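Trainee:
Shown next as structure tokens:
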């Protein structure tokens with residue numbers, strides 16, 4: 002069923018009220034550093050982590066001036082993101 006998949010994906014789109022609300026909540030507390038995903042989930046819940054995984058929350062944060070990037074990288078090639086770090090986007094000029 003195509004419809005169910007689309008509804009699930011759209012649920013985490015950056016324009017959804019729940020995603021925008023979560024982005025504002027995180028922005029109000031930024032800058033922040035979460036060493037692990039578990040730390041982020043403890044602060045904001047599993048649904049927020051799902052929003053990050055689908056990309057909508059990161060896009061919504063960027064739209065309101067918050068950059069969210071992995072707190073660190075692990076693995077042999079340092080290619081496995083871990084945790085989350087938020088900061089204000091620097092605007093030149």
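Residue numbers (the numbering used here): 2 to 94. C-beta atoms are modelled at their ideal positions from N, C-alpha and C, and glycine is treated no differently. Given the structure is predicted, the values throughout are model-derived calculations rather than measurements.
1. Candidates 78, 77, 79, 73: which alpha carbon is nearest residue 85's?
2. Assuming residue 31 contacts residue 87 (C-beta within less than 8 Å), just tell me the rounded distance between them.
3. Output needed for residue 7: all residues of its chain with C-beta closer than 6 Å, excluding positions within five of it in sequence on either side, in chain order.
4. Taking residue 75 as part of the beta strand (DSSP E), name the residues at either end of that continuous run.
5. According to DSSP, simplified to helix, strand and coil, what is residue 36?
Mentor: From the atom records:
1. 73
2. 4 Å
3. Confidence at residue 7 is low in this model, with a pLDDT of 49, below 50, so its placement is unreliable and the value that follows should be read with caution. Excluding residues within five positions, none has a Cβ falling inside 6 Å.
4. 73-75
5. coil
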